[in-house]
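First to last, the protein sequences are chains A and B.
Residue numbers in the first sequence follow my numbering, run continuously in steps of one, and reach 144 at the last position.
Residue numbers in the second sequence follow my numbering, run continuously in steps of one, and reach 300 at the last position.
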Amino acid sequence: MVKNLNQQKQLGPLIYGSPTLDAAFWLLQVVTGENGGHLQTFIFNRLRLSPLSPKPTKPSHRSSSESAMEDEIDLKTAPADFRFPTTNQTRHCFTRYIEFHRCTTAKGEDSVDCERFAKYYRALCPGEWVDKWNEQRETGTFPGPL
Amino acid sequence: MIVLKWLFLTISPCDAAEPWQLGSQDAATPIMQGIIDLHHDIFFFLILILVFVLWILVRALWHFHYKENAIPQRIVHGTTIEILRTIFPSLISMFIAIPSFALLYSMDEVVVDPAITIKAIGHQWYWTYEYSDYNSSDEQSLTFDSYMIPEEDLELGQSRLLEVDNRVVVPAKTHLRIIVTSADVPHSWAVPSSGVKCDAVPGRLNQISILVQREGVYYGQCSEICGTNHAFTRAPGNRGRLLSPLWLSRTTRGCEPPEKQAITASGWSCREPRSKAVDKIEEGARHPVEQRGRLG
Chain A
-1 MVKNLNQQKQ LGPLIYGSPT LDAAFWLLQV VTGENGGHLQ TFIFNRLRLS
49 PLSPKPTKPS HRSSSESAME DEIDLKTAPA DFRFPTTNQT RHCFTRYIEF
99 HRCTTAKGED SVDCERFAKY YRALCPGEWV DKWNEQRETG TFPGPL
Chain B
5 MIVLKWLFLT ISPCDAAEPW QLGSQDAATP IMQGIIDLHH DIFFFLILIL
55 VFVLWILVRA LWHFHYKENA IPQRIVHGTT IEILRTIFPS LISMFIAIPS
105 FALLYSMDEV VVDPAITIKA IGHQWYWTYE YSDYNSSDEQ SLTFDSYMIP
155 EEDLELGQSR LLEVDNRVVV PAKTHLRIIV TSADVPHSWA VPSSGVKCDA
205 VPGRLNQISI LVQREGVYYG QCSEICGTNH AFTRAPGNRG RLLSPLWLSR
255 TTRGCEPPEK QAITASGWSC REPRSKAVDK IEEGARHPVE QRGRLG
């Protein structure tokens, strides 16, 4: 057994005697990024340039400002909140709504800082819920700690 | 030779239920691929156990016949076999449990923040979808209803009980958060090829994270009894048309036909009318960029 281990090529961690298994473990490590995710990054980048997606058009029929804007479009939404790690996000939506209104009472109605919270609760909460809560706030019957 | 090559290039994935289908639909997300792989892992042990038990059973019955074996043995215990029949099933249980728990916990991991949030609100008997990431006030979200197309209105080639008038359009290769709820009675939003099933409970927001890995049209059905037309509520109102990664900038804009292979593999084509969801979201996402341009 010892002789076998000394003779085989060192492809990765010496967990088992078989070189095939070693190679498999090494590949697994590289792909999952434990050894530095270079291969992982490479593969991921290649996926983005997959031939299945439509090829980019030549920018001949677009103005330069448009193509500059296109490069800047990014999709953003309410981030995952560690206070609400589970599937039930009801409290998350409610908490963001309350945070927004507390922020506006503290900083004023048109404060730019509160815009962030507004985007969060609008992304998470159904429109009907927001309408209902707005009405409740107006009539003074909102059940939350505003 | 050329004919054969052409035959193999037109692969169309199974993303809707087929008649007499035995196995799963093709996976469109890593979760579904994990579920299919787990199924294969467990099925191996299942067959092992099945064959073993059947063999022992048939053998015992066969050899218990009075002609085959006039004097049956009177064994009451055997230590070795009792130890073995305890150890082996626990080993098998362990081999089943390890990939199962690995999948279960990896499904719950939130590694990356989602890029877009889509709300699916169940009604009797249709779904409403809201895309509210780019609202500037409480009023403006893109909202639309998604009704099933009744059988008499179907066109040739469309699936019965699966097609809807307005599909949900989501970006492919993007982390999505889908929030599922209901406005009246419990429903359930299920898309088998994405490995998604989530109950829509009134008064509760359930979140699911998906990463759809390929473009295509995916179908699903309501999975919680919700009244007389429960069978006629398309779950995701057929989650349609997942578009390429930079969908906001490119997809149906100039309507450039991709190569033939891409069309058949991805299910995207110029013949499809451009979805107004894509328009609205593109407009919404472009707005802050324009503002930045004007201010900065």
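We put the CB at the ideal spot given by N, CA and C, even for glycine.
Here the structure is a predicted model, which means the values were calculated and not measured.
Residue i in three-state terms, based on DSSP
i, result
"R254 of chain B", "At R254 of chain B the pLDDT is 30, less than 50, meaning the model places this residue with poor confidence; the figure from the coordinates comes in the next sentence. Looking at R254 of chain B - three-state DSSP - the assignment turns out to be coil, as it is neither helix nor strand."
"W272 of chain B", "With a pLDDT of 33 at W272 of chain B, under the threshold of 50, the modelled position of that residue is not reliable, and the figure given next carries that caveat. The answer is coil: DSSP assigns W272 of chain B none of H, G, I, E or B."
"V28 of chain A", "Residue confidence is low: V28 of chain A scores 48 on pLDDT, short of 50, so the model does not pin down where it sits. No coordinate-derived value is stated."
"N233 of chain B", "coil"
"G125 of chain A", "helix"
"T132 of chain B", "strand"
"A101 of chain B", "helix"
"L144 of chain A", "coil"
"L152 of chain A", "No information on residue 152 of chain A is available, as it lies outside the stretch -1 to 144 that chain A covers here."
"A78 of chain A", "coil"
"A124 of chain B", "strand"
"Q265 of chain B", "Residue placement at Q265 of chain B is poorly supported in this model, since its pLDDT is 29, which falls under 50; the coordinates still yield a value, given next. Helix."
"Q134 of chain A", "helix"
Rounded C-alpha distance that separates residue i from residue j
i, j, result
"I102 of chain B", "E113 of chain B", "17 Å"
"Y70 of chain B", "V57 of chain B", "22 Å"
"H191 of chain B", "C202 of chain B", "9 Å"
"G126 of chain B", "E228 of chain B", "11 Å"
"V205 of chain B", "C226 of chain B", "13 Å"
"L52 of chain B", "I46 of chain B", "10 Å"
"R208 of chain B", "P124 of chain A", "11 Å"
"R164 of chain B", "L158 of chain B", "7 Å"
"V168 of chain B", "Y109 of chain B", "34 Å"
"W131 of chain A", "F140 of chain A", "6 Å"
"F92 of chain A", "P143 of chain A", "10 Å"
"M152 of chain B", "K117 of chain A", "31 Å"
"W272 of chain B", "I214 of chain B", "Unreliable positioning characterises W272 of chain B in this predicted model, as indicated by a pLDDT of 33, which lies under 50. A coordinate reading is not provided."
"A121 of chain A", "V116 of chain B", "17 Å"
"L180 of chain B", "Q217 of chain B", "11 Å"
"I96 of chain B", "I40 of chain B", "19 Å"
"F49 of chain B", "W59 of chain B", "15 Å"
"A124 of chain B", "Y95 of chain A", "19 Å"
"R100 of chain A", "W129 of chain B", "37 Å"
"A106 of chain B", "I85 of chain B", "32 Å"
"L61 of chain B", "P93 of chain B", "17 Å"
"I91 of chain B", "G82 of chain B", "15 Å"
"P196 of chain B", "G224 of chain B", "6 Å"
"T137 of chain A", "Y119 of chain A", "21 Å"
"Q77 of chain B", "A64 of chain B", "12 Å"
"C230 of chain B", "E72 of chain B", "59 Å"
Any C-beta of chain B under 7 Å from that of residue i
i, result
"C91 of chain A", "yes"
"L73 of chain A", "yes"
"P141 of chain A", "no"
"G106 of chain A", "no"
"G138 of chain A", "no"
"R81 of chain A", "no"
"T103 of chain A", "no"
"R114 of chain A", "no"
"Q134 of chain A", "no"
"V110 of chain A", "no"
"R100 of chain A", "no"
"R157 of chain A", "A question about residue 157 of chain A goes unanswered here, because the residues of chain A that appear run from -1 up to 144."
Residue from the options whose Cα sits closest to the Cα of residue i
i, options, result
"F115 of chain A", "A:E136, A:F98, A:F82", "A:F98"
"T132 of chain B", "B:L165, B:I91, B:W193", "B:W193"
"R89 of chain A", "B:N210, B:V221, B:H234, B:E219", "B:N210"
"E219 of chain B", "B:G231, B:V62, B:A124, B:V174", "B:V174"
"E126 of chain A", "B:T185, B:A119, B:W129", "B:T185"
"Q104 of chain B", "B:I35, B:V62, B:I212", "Note that residue 104 of chain B is Ser in the sequence shown, not Gln. Selected option, being the one with the closest Cα: B:I35."
"M111 of chain B", "B:L65, B:R171, B:T33", "B:T33"
"Y222 of chain B", "B:D30, B:P23, B:D188", "B:D30"
"D149 of chain B", "B:Y135, B:N139, B:S140, B:D142", "B:Y135"
"D79 of chain A", "B:E156, B:I75, B:P118", "B:P118"
"D129 of chain A", "B:D142, B:R78, B:Y138", "B:D142"
Chain A within 7 Å of residue i, Cβ atoms only
i, result
"I120 of chain B", "yes"
"D137 of chain B", "yes"
"I125 of chain B", "yes"
"L209 of chain B", "yes"
"V114 of chain B", "yes"
"S145 of chain B", "yes"
"D45 of chain B", "no"
"D142 of chain B", "yes"
"D30 of chain B", "no"
"D149 of chain B", "no"
"D4 of chain B", "No statement about residue 4 of chain B is possible, as the shown extent of chain B runs from 5 to 300 and does not include it."
In chain order, which alpha helix (DSSP H) runs of at least 4 residues are fully inside the segment 138 to 212 of chain B?
none
Would you list, in sequence order, the uninterrupted alpha helix (DSSP H) runs of no fewer than 4 residues that lie entirely inside the segment 10 to 85 of chain B?
34 to 67
Contained beta strand (DSSP E) runs [length at least 3] in the segment 91 to 115 of chain A, N- to C-terminal order:
none
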